[in-house]
Structures are given as structure tokens and as C-alpha cells.
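Following: one structure in C-alpha cells, then a few remarks.
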Amino acid sequence: MTSEGTSDDLGLANWAPERPTVQEISESMQNFGTLDYTMFAAMLTACGMVGIYFGFVNKSSGEDEYLVGGRNMKMFPVSLSLIASFISGISLLGTPTEIYVHGTSYLFIGCAVVFVGFVISIVFLPVFHDLKLTSTYEYLEKRFDKRIRLLGSILFAIGIMTWLPIVIYVPALAFNQVTGVNIHIITPFVCIVCIFYTCVGGLKAVVWTDFIQTFLMFGSMLLIIIKGTVDVGGFSLVIRRNLESGRLEFPTTDWSPLTRHTIWALTIGGFVHWVQISAINQNMIQRYLSLPTLQSARRALWCFIVGVITLIGICGYAGLLIYAWYHECDPLTTKLARAKDQLLPLLVMNVLGDFPGLPGIFVAGVFSAALSSLSTGLNSMAAVVLEDFVKPFIKTPFTRRAADIFMKLTVVILGVTCVGLVFVVEQTGTQVLQLSISLGAITNGPSLGIFSMGMLLPWINGQGALIGGLAGLSFMGWLGLSAEAAIASGQIKFDVKPVTTEGCTYSFPQAENLLLSVPPDSILDNANGEEPWALYRLSYLWYTMTGALVTISVGLIVTLITSQNVEKLDPMLLAPFVRKYVNTSSKDVTLEELHQVKITKSEKNEKVASRIINEDDKLLEATST
Numbered sequence: 273m274t275s276e277g278t279s280d281d282l283g284l285a286n287w288a289p290e291r292p293t294v295q296e297i298s299e300s301m302q303n304f305g306t307l308d309y310t311m312f313a314a315m316l317t318a319c320g321m322v323g324i325y326f327g328f329v330n331k332s333s334g335e336d337e338y339l340v341g342g343r344n345m346k347m348f349p350v351s352l353s354l355i356a357s358f359i360s361g362i363s364l365l366g367t368p369t370e371i372y373v374h375g376t377s378y379l380f381i382g383c384a385v386v387f388v389g390f391v392i393s394i395v396f397l398p399v400f401h402d403l404k405l406t407s408t409y410e411y412l413e414k415r416f417d418k419r420i421r422l423l424g425s426i427l428f429a430i431g432i433m434t435w436l437p438i439v440i441y442v443p444a445l446a447f448n449q450v451t452g453v454n455i456h457i458i459t460p461f462v463c464i465v466c467i468f469y470t471c472v473g474g475l476k477a478v479v480w481t482d483f484i485q486t487f488l489m490f491g492s493m494l495l496i497i498i499k500g501t502v503d504v505g506g507f508s509l510v511i512r513r514n515l516e517s518g519r520l521e522f523p524t525t526d527w528s529p530l531t532r533h534t535i536w537a538l539t540i541g542g543f544v545h546w547v548q549i550s551a552i553n554q555n556m557i558q559r560y561l562s563l564p565t566l567q568s569a570r571r572a573l574w575c576f577i578v579g580v581i582t583l584i585g586i587c588g589y590a591g592l593l594i595y596a597w598y599h600e601c602d603p604l605t606t607k608l609a610r611a612k613d614q615l616l617p618l619l620v621m622n623v624l625g626d627f628p629g630l631p632g633i634f635v636a637g638v639f640s641a642a643l644s645s646l647s648t649g650l651n652s653m654a655a656v657v658l659e660d661f662v663k664p665f666i667k668t669p670f671t672r673r674a675a676d677i678f679m680k681l682t683v684v685i686l687g688v689t690c691v692g693l694v695f696v697v698e699q700t701g702t703q704v705l706q707l708s709i710s711l712g713a714i715t716n717g718p719s720l721g722i723f724s725m726g727m728l729l730p731w732i733n734g735q736g737a738l739i740g741g742l743a744g745l746s747f748m749g750w751l752g753l754s755a756e757a758a759i760a761s762g763q764i765k766f767d768v769k770p771v772t773t774e775g776c777t778y779s780f781p782q783a784e785n786l787l788l789s790v791p792p793d794s795i796l797d798n799a800n801g802e803e804p805w806a807l808y809r810l811s812y813l814w815y816t817m818t819g820a821l822v823t824i825s826v827g828l829i830v831t832l833i834t835s836q837n838v839e840k841l842d843p844m845l846l847a848p849f850v851r852k853y854v855n856t857s858s859k860d861v862t863l864e865e866l867h868q869v870k871i872t873k874s875e876k877n878e879k880v881a882s883r884i885i886n887e888d889d890k891l892l893e894a895t896s897t
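Take any residue in the sequence shown, count from 1 to its spot, add 272: that is its number in my numbering.
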């Protein structure tokens, strides 16, 4: 057989001594050198030094400083911190994989993000910023009662503890692809650095490490797409190959909620999902509350929106670039990439492997995205644990030193727990992008429903919010876990874009094809030939909206049975445009009225001061005359 060889009837490569094996190719690409490790270590060292600075040099104690940076942070670093916290390794690696496997439909979720900015700016930010909260869930106690605050905090805790292990696992996959180092060796090592600087430096350390990490994220992604595009033959070739394969497409207008990606699921379902994670999530709100004014918070919000849309676009193009490189030899079929989310790291080693230090910059960028999300989650969980789980139930308040020790100990314990949960995430077979949204929606939907009822529906009472939240959590827990189990067992499979191995220049064993082995007529059939229940096949993009609707519907029904005295409700707990429709008791002095009193007093003081100055000027003029 010649070095070119022939393929068998199935299109799989034959074993041939003239060809290198897939194992040899994989090992030859794992040339992470000294300079690469140096770049990676430099990123970790810089993050650690930031923690040391804010923990020991520019030290500031107290809950307000540790959790919200004294509420006097600067807008630009907070904006970058918002981007870094939100764009985790899940986005950097999961989005290109989504485009490679399923096409460009997912990118249209960016249309929903723009509308999210308006809703947050008009509805949520004014309420949270005026109340000067530390924990987002303090709002629920002010609006309803302590039970709802505890429920909201529990929902957040469950959501964050299922999300963070995925955040840690994804960059470990990238590191494993380029170095061969086991993921369970690298994850504890990197997480120790993150836990350290989050623990000692508080929110200021988190924000400023995010500031550094954002540049690494953008830089590493731009580096790979620019160099990769030039090497493959130019932008036009990338577009042409993806058009020919059907990957470059618009979402379908199918009205069925069972279709994975439709224009309605991406814009409406995606909009609701983004509102939850951007508007009421403690991770995000804690940064908005660290800014001194509502105006600066709104500016930070729009910087975040622009930055996120830009990075999603970059990651989407990276998915197109991956296909342009491997259009004749699918690395998932050949097992050159052992997991779907190792596609981008594989491309990195193909494009940048011969340039010492550049793969290290890419891996540092991916880990930066993970560390920023992990540090944000740990800092937010420390705030929630202290403010919502401990303070309401202790009689003697913490001293400043005791509060500092408790918050730092919380960060350490939660960080170690997340590292342990990586073992669980490793067993799931779903793409991490879909997995993170699906599992997050179990708690995100009910949480959004409770906050929406609080700000937009003044007649909803605490009993309705409590029962509605529990109903939403129970329903989404059953739906989300059942659907994920069906996907993991192979009962539910999704249509994928075509791939081929006809152009492979290396040999690989004939094995089950990760993409090609699914016949179109059995995409949704299980091993027994039975179709899974239709509700399990609901698109994951509708999950958050479904949970919110169940929560609000049950809350409304319960409130109809009971009652709510709207006249005793503080209008400052409602969205600004809802306040004017609520009739409150004239005996109650609202926060808005107190603000007006302060403004009136300030204006009077200014007038008095101005009159005194004018009289002094006249007296001096008369004396000189």
C-alpha cells in the first residue's frame, strides 16, 4: 500500500505502516515547551500577586470592602470584570464546538443580548442600586419575607455549585489536549491559586485579576483566529467551506419548541435566560453594586453587553475556522480530539505549535476565563452565605475580624468542594455549553420568576412567591435531570452537520463515530425503538422561561386564594415604571420621599450659603469704598 492508501467502504482509514497512527500524531502535538509553561505560570503568578497586594499591602477589612469593594470601584475595570466573569472557558471552548457540530444558528442569541441591556437598565438596576444591598437576596426579604430570601439564596447556591465544576473542567480539557497532563492533576493546582487570591483579596482582587484576564482572553482568541485564517488560506476560503457543509445558516422558523435551535428559542428563550444570569444573579449584581452611582452602573452594563457580543462573535468564527481546517478529516471520528470541547485546543497546537510560548498564551487565556468565573462565584457565595445563611440566624453579630475569617474560610471550603465535583462533570456526555445552560435553568427559572413577581407584580404576596418558587424548582429539577439522563444514555440525540474522514493522512482504528454514526431516521429513538417523552425533548433554550412561567403561574394562583395589601408596599421595591400605578398609604414615608427631602434640604442649604456669600461680597465692597 502506498502512503496515500485507500479508504474502506465506510470511509474510515485503513491501518497502514506507512502512515503515522493517531496516537503518534497526538503525542507529537503535545509539545508544550518550557516557554509555554513559563507563560502559563506568569499568568498564575500575576493573579496571585494581585491577591497579595489587596490582601496584605493595600489591605481593607470589613464586609463592605471585602464583598462590594467599598462601593467606590471604577467603571472600566468593573466592566471588564463583568465580561470576564460571564465569559468562562465554557464560552471560549463550548461556542466553537457548538458551531462545528451544529452550525451557526446559536450565534443569533446575540440579538437577544441587546434587548437584555435595556431591560436590566430600566427594571432591575434602579431597584438594586437604590436599596444599597450587599446580597441580591436581601431584596426578597424586603419585598416578601425571610422565607423567600432563604429560598432565593438556596436557589443561587445550588446553581453556582453545579456551574463552577463545569467552569473548572473545561479549561482542564484544553490543558490535557496540549500537554497530556491529567485533568485531575492540573485542576487542584490552578484552583489553589484562584482560591488564594479570592480568599485574601476580596472583591477588589477579583475585579483587578479579571481586568488582567480579560485582555488575555481577547488576545488569545484573536491570535488563534488571525493566524489560523492566514494559514488555512484566507477568510473567503473559511466561509466557502462552511457554506458547502451547511454550517453557515440562519436558524429555522419552526414553531415547535422541541426543535433545538429556532429563531424563537434563540431570541425569546435566549432573552429570558440572559436576563436571569445578567440581571438578578449575585455574581453580576455584586459588581454593579460596587460602583458609586446608578449612572456608572448603567455605563458598565452597556460595556459588558458590547464586550460579550464581540467575544461570542469571535468564538463563533473560531468554530467556522475549525471546520475549515479539518473539513476532510474529522478529529472527533479519528479520536485525535478525545472530547468535543478539545477541538479548539487541537487547532491551537496545529496553528501555533511551532511557535514557543504562543500555545502557553492561549491556555493562559482559557484558564483566565475559568479563574475569573471561579473567583466571582466564590466571592459571591461568601456574600450569600454570610448575609443570607448566617446573619439572620445568629443573635450576636460578628466582629469585623470574625466576619473576615468566616468569609475567607467559606471561600476555601467551597473552592475545594468545586474541585471535587469535577469528577461528576467528567461523567456527562453532553457538550458543556448546553450542559451549563440546562443545569443552570433548574434554579435560574424559579429565581427569575420570584424576582419578576417582586418587581413587576405588586399584588403577589410572600405565600404565593414561596409556593411558586418551590413548584418551579421541583418541576425544573425533574425536567432538567430527566432530559440530561436521556441525553447521557443516548435516548436523545441531536441532528449534526456532516463530516468526513476521507482526507486523513494518518491511520486510526475503526470505532464508533461520534457524529456520523447517528442515522437521520433514528435521531430520537432509544435502544428499544421507543421515542422518549416529548417534554424531555424541549429545547434547552426554553428551560429558564419554562421555570419562570411555572413559578409565576403558581404564585398568581396562590395569591388569588390568599391576599396582599398593596397599600403597605414600599414603591422603591418595584420597577420604576410600575411605581406610579401603585396606591400606597399616605401615612408611610417611602424611600423616594426621603430622597426628595434630602434633595430639598440640600437645595435650601445651597441657597443660604449663596446668600451669605453675596452679603459678604457686598460688605467687603462697602468697606473698601
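By construction, the Cβ of each residue, glycine as well, lies at the ideal position given by its N, Cα and C atoms.
The structure displayed is predicted, hence computed values, not measured ones.
Taking all protein chains shown into account, do 16 or more other C-beta atoms lie within 10 angstroms of the C-beta of leucine 846, making it buried, or fewer, making it exposed? buried
Tell me, please, whether the segment 656-666 touches the segment 632-644 by the rule of three or more beta-carbon pairs shorter than 8 Å. no
If you follow the alpha helix (DSSP H) that threonine 434 is part of, which residue opens it and which one closes it? Note, threonine 434: alpha helix (DSSP H), 418-451.
Do the segment 524-542 and the segment 372-388 meet, that is, are 3 or more Cβ pairs less than 8 Å apart? Three or more pairs of CB atoms, one per stretch, sit closer than 8 Å, so the segment 524-542 contacts the segment 372-388.
If you follow the alpha helix (DSSP H) that proline 227 is in, where does it begin and where does it stop? Only positions 273 to 897 of the chain appear in this structure, which leaves residue 227 out of reach.
Is isoleucine 795 buried or exposed, if buried means 16 or more other CB atoms sit within 10 Å of its CB? Per-residue confidence for isoleucine 795 stands at a pLDDT of 33, beneath the threshold of 50, marking its modelled position as unreliable; the derived number appears in the next sentence. With fewer than 16 Cβ atoms within 10 Å of its Cβ, isoleucine 795 is classed as exposed.
Starting from the C-beta of serine 393, find all residues in its chain whose C-beta is less than 7 Å away, skip the five residues before and the five after it, and write them out in chain order. Arg570, Leu573
Quick one: Cα of leucine 866 to Cα of leucine 561, how far? Low per-residue confidence applies at leucine 866: pLDDT is 43, beneath 50, and the placement is therefore not dependable enough to give any value.
Identify the residues that DSSP records as bridge partners of serine 754: which are they? For serine 754, which the question treats as bridged, DSSP gives no partner whatsoever.
Best match in Leu520, Ile594, Phe747 for proximity to threonine 369 [C-alpha to C-alpha]: The shortest Cα separation from threonine 369 among Leu520, Ile594, Phe747 belongs to Ile594.
DSSP-derived helix/strand/coil call for serine 644: helix
With burial defined as no fewer than 16 other Cβ atoms inside 10 Å of the residue's Cβ, what is the status of tryptophan 527: buried or exposed? It is exposed - the Cβ of tryptophan 527 has fewer than 16 other Cβ atoms within 10 Å.
When DSSP labels each residue in this structure, what does arginine 291 get in the three-state scheme? coil
Return yes when the Cβ of glycine 474 is within less than 9 Å of the Cβ of glycine 579, no when it is not. Going by C-beta atoms, glycine 579 is not nearer than 9 Å to glycine 474.
In the DSSP assignment, the alpha helix (DSSP H) including valine 662 goes from what residue to what residue? In the DSSP annotation of this structure, valine 662 is not part of any alpha helix (DSSP H), being labelled neither H nor E.
Can you tell me whether valine 544 sits near the ligand ATP, meaning its C-beta is under 8 Å from at least one heavy atom of the ligand? Looking at this structure, you won't find the ligand ATP or any other ligand, since it has none at all.
Can you find the residues in the same chain that come closer than 6 Å, C-beta to C-beta, to leucine 412, ignoring five residues on each side of it along the sequence? The residues are Ile420, Arg421, Gly424.
So, is glycine 323 buried or exposed, given that buried needs 16 or more other C-beta atoms within 10 angstroms? buried
Since leucine 608 and leucine 618 should fall inside the 8 Å C-beta cutoff, what is the C-beta to C-beta distance between them, to a whole number of angstroms? Going by Cβ atoms, the distance from leucine 608 to leucine 618 rounds to 7 Å, so yes, they are a contact pair.
Comparing C-alpha positions only, which one of Ala551, Thr451, Met301 sits nearest to threonine 408? Ala551
Check threonine 317 in the structure and name its three-state DSSP category. Three-state DSSP puts threonine 317 in a helix.
DSSP three-state label for threonine 486, please. Threonine 486: helix per DSSP, three-state reduction.
Thinking just about the alpha-carbon of each residue, which of Asp602, Ala429, Val391, Trp480 is nearest to the one in threonine 682? Ala429
Would you call glycine 585 buried or exposed, if buried means 16 or more other Cβ atoms sit within 10 Å of its Cβ? exposed
According to the neighbour-count rule (16 or more other Cβ atoms, all chains shown, within 10 Å of its Cβ), is valine 633 buried or exposed? According to the sequence provided, residue 633 is isoleucine. The question's valine does not apply to it. The residue is buried, with at least 16 neighbouring Cβ atoms inside 10 Å.
Do you know whose CA, among Ile739, Phe670, Pro669, lies nearest leucine 832's CA? Ile739
Let's test the definition: count the other Cβ atoms within 10 Å of the Cβ of proline 770 and tell me whether it reaches 16, buried, or not, exposed. Burial is judged here by how many other beta carbons sit within 10 angstroms of a residue's own beta carbon; proline 770 has fewer than 16 and is exposed.
The alpha helix (DSSP H) with threonine 534 in it runs from where to where? Note, threonine 534: premise wrong, no alpha helix (DSSP H); not H, not E.
What does DSSP give as the partner residues of serine 779 in its beta bridges? Thr293
Per-residue DSSP class, three states only, for histidine 599: Histidine 599: coil per DSSP, three-state reduction.
CB contact below 9 Å: valine 694 versus chain B: You won't find chain B in this structure, because it holds only one protein chain.
Alpha carbon to alpha carbon, what distance is there between proline 398 and valine 439? 30 Å
Mind checking whether leucine 592 and isoleucine 535 have CB atoms under 9 Å apart? no
Of the residues Gly749, Ala590, Ser568, Ala737, the one placed nearest valine 830, counting alpha carbons only: Ala737
Any idea if tryptophan 264 is buried or exposed, counting beta-carbon neighbours within 10 angstroms, 16 or more meaning buried? The structure shown does not extend to residue 264, since the chain is modelled only from 273 through 897, so no value can be given for it.
Where do the N-terminal and C-terminal ends of the alpha helix (DSSP H) with lysine 680 fall, by residue? 672-698
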